[in-house]
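Chemist:
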Amino acid sequence: QLRLLLTLGFGDPAESGAALFHNAGDQWGALRDLQRGRLQPFLRRLWEPEPELDFDGDQQPLVRRILATLGVASWGRALLVASLGQELGLGRVPRTGRALVELVEAVGCWPDRDRVLRVLRCECAVCGWGLPRHQALSLTGCQCPLCPECFRGHFRVSVRERGVRDLCCPACARPDLTDDSLAPGYFATLDVQLRQYLDPATYQLFTQKLTELELMKDPKFIWC
Numbered sequence: 006q007l008r009l010l011l012t013l014g015f016g017d018p019a020e021s022g023a024a025l026f027h028n029a030g031d032q033w034g035a036l037r038d039l040q041r042g043r044l045q046p047f048l049r050r051l052w053e054p055e056p057e058l059d060f061d062g063d064q065q066p067l068v069r070r071i072l073a074t075l076g077v078a079s080w081g082r083a084l085l086v087a088s089l090g091q092e093l094g095l096g097r098v099p100r101t102g103r104a105l106v107e108l109v110e111a112v113g114c115w116p117d118r119d120r121v122l123r124v125l126r127c128e129c130a131v132c133g134w135g136l137p138r139h140q141a142l143s144l145t146g147c148q149c150p151l152c153p154e155c156f157r158g159h160f161r162v163s164v165r166e167r168g169v170r171d172l173c174c175p176a177c178a179r180p181d182l183t184d185d186s187l188a189p190g191y192f193a194t195l196d197v198q199l200r201q202y203l204d205p206a207t208y209q210l211f212t213q214k215l216t217e218l219e220l221m222k223d224p225k226f227i228w229c
């Protein structure tokens, strides 16, 4: 029985002998235990989180992973996804990342490289800088794409030097924040964005001014 296990590829006599001893000489029980041990590395890889796709690494392994996991139609389109991902600066992203999903969908619809870039890139409405669409910021009152630097600079200056009713889009000046039906929803979304892009002191000033604006709407409020 030990010789049979060795001929099946379980080459460690001590391991095979221990498996036979544990199963009281039953060959099939020993074989089951030995196979379970061989399967453990595979099972660990199976249940581990899927590694991210690295668009900054070697292109050939990346193209093979794209072809195997992202459902692209051909090697050529997988290569196009890889090269565009590098050009757009995707870096390391999960397979289900929004930017990667949009890239794969665009390549699936338009195999032309220039057309895909036009779909996935945009220009900042303030400075004209071209950037990947997934990196652009926009406000709820309009669809103007803003680069992070223009967004940060505009609202940092506006919060410090103006009132909160002036915190509209730097490109189109929308929405009209004198309209009380628009302001609450706009400020709720803007608060989340400013918390991420402004320094703590400027963000605190924004919340203070917003609180004062709400207090001034109360007819019973009196400054003292």
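All residue numbers for the sequence shown refer to the numbering used here, where the first residue is 6 and numbers rise by one. Don't be surprised by glycine CBs; every beta carbon is placed ideally from N, CA and C. Bear in mind the structure is a predicted one, so any value in this text is a computation, not a measurement.
1. Return the first residue and the last residue of the alpha helix (DSSP H) that P189 is part of.
2. Classify P99: buried if its beta carbon has 16 or more other beta carbons within 10 angstroms, exposed otherwise.
3. Of the choices G146, L151, Q213, H139, whose alpha-carbon is the least far from that of S186?
4. Specify the secondary structure class of R179 as computed by DSSP and reduced to three states.
5. For the beta strand (DSSP E) containing G135, name the first residue and the last one.
6. For the alpha helix (DSSP H) containing R123, list its first residue and its last residue.
7. Alpha carbon to alpha carbon, how far is A35 from W52?
8. Using the Cα positions of K222 and L215, report the straight-line distance between them to the nearest angstrom.
9. Once DSSP output is grouped into helix, strand and coil, what is the label at V169?
10. Classify A188 as buried or exposed, calling it buried when 16 or more other Cβ atoms lie within 10 Å of its own Cβ.
11. Excluding sequence positions up to five away, which residues of its chain have a Cβ less than 8 Å from the Cβ of A78?
12. Whose C-beta lies closer than 6 Å to the C-beta of W115 among residues of the same chain, with five residues either side of it excluded?
13. On the criterion of 16 or more Cβ atoms from any shown chain inside 10 Å, does F156 qualify as buried, or is it exposed?
14. Taking the straight line between their C-alpha atoms, what separation do you get for P175 and Q45?
15. Within 10 angstroms of its Cβ, does F47 collect 16 or more other Cβ (buried), or is it exposed?
16. In angstroms, rounded to a whole number, what distance separates the CA positions of L75 and L13?
17. Under DSSP, the alpha helix (DSSP H) around A206 begins and ends at which residues?
Modeler: In terms of the structure at hand:
1. What you label residue 189 is simply residue 184 of the sequence shown in a count that begins at 1. Segment 188-202, the alpha helix (DSSP H) holding P189.
2. One-based indexing of the sequence shown puts residue 99 at position 94. Burial call: exposed.
3. Taking the sequence shown and counting its residues from 1, one reaches residue 186 at position 181. Nearest option by C-alpha distance: G146.
4. Position 174 of the sequence shown, counted from the first residue, corresponds to residue 179. Three-state DSSP puts R179 in coil, outside helix and strand.
5. Numbered from its first residue, the sequence shown carries residue 135 at position 130. Here the beta strand (DSSP E) through G135 covers 135-137.
6. As a first step, residue 123 is located in the sequence shown; it is residue number 118 there, counting from the start. It spans 118-125 - the alpha helix (DSSP H) in which R123 sits, taken as one unbroken run.
7. Here residue 35 corresponds to residue number 30 of the sequence shown, with the count starting at 1. Here residue 52 corresponds to residue number 47 of the sequence shown, with the count starting at 1. About 25 Å.
8. Position 217 of the sequence shown, counting from 1, holds the residue named residue 222. Position 210 of the sequence shown, counting from 1, holds the residue named residue 215. Approximately 11 Å between the Cα atoms of the pair.
9. One-based indexing of the sequence shown puts residue 169 at position 164. Correct three-state label for V169: helix.
10. Working through the sequence shown from its first residue, we reach residue 188 at position 183. Buried: at least 16 other Cβ atoms inside 10 Å.
11. Counted from its first residue, the sequence shown places residue 78 at position 73. G113.
12. In the sequence shown, residue 115 corresponds to position 110, counting from 1. Around W115: V121.
13. Counting from one through the sequence shown, the residue named residue 156 turns up at place 151. F156 comes out buried.
14. Start at 1 with the first residue of the sequence shown, and residue 175 comes out as number 170. Start at 1 with the first residue of the sequence shown, and residue 45 comes out as number 40. Straight-line Cα distance between these residues: approximately 58 Å.
15. Counted from its first residue, the sequence shown places residue 47 at position 42. Burial call: exposed.
16. Here residue 75 is taken as the residue at index 70 of the sequence shown, counted from 1. Here residue 13 is taken as the residue at index 8 of the sequence shown, counted from 1. Approximately 37 Å, taken between the alpha carbons.
17. Translated into positions along the sequence shown, residue 206 becomes position 201. That run of the alpha helix (DSSP H) goes 205-221.
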